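Numbering (my numbering), first residue to last: 5 to 368.
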């Protein structure tokens, strides 16, 4: 059975046959390739049955993890500081944390607004730490030099849960509002917040990133869609994905291909916004692997975690060879909800369920 309760016995053969009929490019390796225009007019085949002989190699990395000093912090999102520090949100203990990855020294910053639920995290060009107050309807800016936090309240009561955030090339902060179903932007120069409702109802906008042209893209987690928003007009364009796909997090490579984790069906996906083409690869852990956090290192490698596999795994995907390598997270991971790649090719992770943060160092 798959996550929707439908039987998938024999679906692999059916998918191959349907793929041949529809011209969607299904192969015996389990790779889907489809065109959005075709998908709009033709039914998508049943969910895939994952082949058991996926060629997955051992991922050679060193993973160093630290316990967050405050118990029950539930570290959610990591970010890379200007000095290389690992910053993270402590969602359930109302703090922002920092660890020096070379010394292991921690510093925690309590937030003024009670029960803020700090969630998303990003660093600006001046080194300020921006976060979403997911439980309290605001976006915050922490000055690491002074510990001062500035709050920017949402102008609409419906925008109660700002979620993930990212800066564009002009220094404008873009963010998703999951339950409220908005995408917004905040101008740090004057604090002005502008909002745009997502066209698809109950889309639950989630992960958000910006391409090389400064265009924000975001996941519609409760819809099988990705979307972009025009940075000038705030007009939203949606891109349909295969039926049943639930995109949760995304990362954009140097060629502006959008990679995303399909949390529901257990895939890594890629959208080419130029032509709407979508390609999907089954994750090594299978349909219940729940791929979640994702990042792309400067060498173009795509990293993501399987949160439905115990212990959680870390996957590295090579886009050139379309091959995957895998390792387990020593602590078990406890769900890696997001990742951040450093300029020198390391990956920062936050492991919510085990109250740890970590650094992944690839073998050189």
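Note that the Cβ used here is the ideal one computed from N, Cα and C, for glycine as well. All values reported here derive from a predicted model rather than from experimental measurement.
Distance cut-off 7 Å: residue i Cβ against heavy atoms of the ligand ZN
i: residue 84; result: In terms of ligand content, the structure shown is empty, and the ligand ZN therefore cannot be addressed.
Close Cβ partners of residue i (< 7 Å) along its chain, the five nearest in sequence each way excluded
i: residue 366; result: 65 and 349
i: residue 363; result: 68, 90, 105, 350 and 352
i: residue 191; result: 176
i: residue 313; result: 289 and 293
i: residue 113; result: 99, 100, 146 and 151
i: residue 204; result: 224, 227, 229 and 242
i: residue 72; result: 79, 94, 101, 359, 360 and 361
Per-residue DSSP class, three states only, for residue i
i: residue 144; result: strand
i: residue 188; result: strand
i: residue 216; result: coil
i: residue 357; result: helix
i: residue 404; result: Nothing can be reported for residue 404, as the shown portion of the chain is limited to 5 through 368.
i: residue 123; result: strand
i: residue 180; result: strand
i: residue 97; result: coil
i: residue 107; result: coil
i: residue 154; result: strand
i: residue 224; result: strand
i: residue 252; result: strand
i: residue 351; result: strand
i: residue 237; result: coil
i: residue 112; result: strand
i: residue 364; result: strand
i: residue 372; result: Residue 372 lies beyond the stretch modelled for the chain, which goes from 5 to 368, so this question has no answer here.
i: residue 198; result: strand
i: residue 117; result: coil
Contacts around residue i, its chain only, beta-carbon distance under 8 Å, and the 5 residues preceding and following it disregarded
i: residue 163; result: 141, 181, 184, 186, 188 and 199
i: residue 209; result: 167, 180, 181, 182, 185, 186, 187, 202, 222, 223, 224, 225 and 231
i: residue 82; result: 90, 91, 92, 125, 342, 343, 344, 352, 353, 354 and 361
i: residue 70; result: 103, 108, 110, 360, 361 and 362
i: residue 206; result: 185, 226 and 227
i: residue 170; result: 126, 177, 178, 179, 212, 213, 214 and 220
i: residue 119; result: 98, 139 and 140
i: residue 85; result: 91, 102, 127, 131, 133 and 148
i: residue 174; result: 218 and 235
i: residue 249; result: 228, 266, 268, 269, 271, 273 and 284
Alpha-carbon to alpha-carbon, residue j and residue i
i: residue 360; j: residue 279; result: 41 Å
i: residue 231; j: residue 263; result: 13 Å
i: residue 441; j: residue 172; result: The structure shown does not extend to residue 441, since the chain spans only 5 to 368, so no value can be given for it.
i: residue 74; j: residue 129; result: 28 Å
i: residue 111; j: residue 342; result: 21 Å
i: residue 149; j: residue 87; result: 13 Å
i: residue 252; j: residue 77; result: 22 Å
i: residue 132; j: residue 307; result: 26 Å
i: residue 265; j: residue 298; result: 7 Å
i: residue 336; j: residue 236; result: 43 Å
i: residue 156; j: residue 144; result: 6 Å
i: residue 354; j: residue 325; result: 28 Å
i: residue 147; j: residue 293; result: 38 Å
i: residue 80; j: residue 116; result: 19 Å
i: residue 55; j: residue 121; result: Model confidence at residue 55 stands at a pLDDT of 41, short of 50, so the residue's coordinates are unreliable and nothing is read from them.
i: residue 96; j: residue 228; result: 30 Å
i: residue 277; j: residue 100; result: 35 Å
i: residue 98; j: residue 138; result: 11 Å
i: residue 136; j: residue 161; result: 15 Å
i: residue 328; j: residue 347; result: 22 Å
i: residue 134; j: residue 300; result: 21 Å
i: residue 322; j: residue 159; result: 43 Å
i: residue 254; j: residue 315; result: 22 Å
i: residue 282; j: residue 165; result: 30 Å
i: residue 332; j: residue 302; result: 22 Å
i: residue 258; j: residue 218; result: 12 Å
i: residue 154; j: residue 94; result: 17 Å
i: residue 334; j: residue 305; result: 21 Å
i: residue 267; j: residue 238; result: 27 Å
i: residue 123; j: residue 368; result: 32 Å
i: residue 295; j: residue 309; result: 6 Å
Neighbourhood of residue i by C-beta, 6 Å cutoff - its chain only, sequence neighbours within 5 removed
i: residue 339; result: 311, 356 and 357
i: residue 330; result: 60, 63, 288, 317 and 319
i: residue 215; result: 256 and 260
i: residue 31; result: For residue 31, the pLDDT reaches just 34, beneath the cut-off of 50, and the residue's location in the model is therefore unreliable, although a value from the coordinates is still provided. Contacts found: none.
i: residue 233; result: 187, 220 and 240
Test: residue i CB closer than 8 Å to a CB of chain B
i: residue 300; result: Protein chains in the displayed structure number just one, and chain B is not present.
Exercise for the section: Indicate whether the contact test is met: 3 or more Cβ pairs, each with one atom in the stretch 242-249 and one in the stretch 190-197, closer than 8 Å. Expected result: no
Practice task
Any chance you could list the beta strand (DSSP E) runs of at least 3 consecutive residues sitting entirely within the stretch 256-341, in chain order?
Solution key: 262-266, 271-276, 281-286, 295-300, 306-310, 317-322 and 327-332
Exercise for the section: Count the CB pairs spanning the stretch 256-273 and the stretch 283-293 that are closer than 8 Å, and state whether there are at least three. Expected result: yes
Problem - 4 or more residues per run - each alpha helix (DSSP H) lying fully within the stretch 61-94 - result: none
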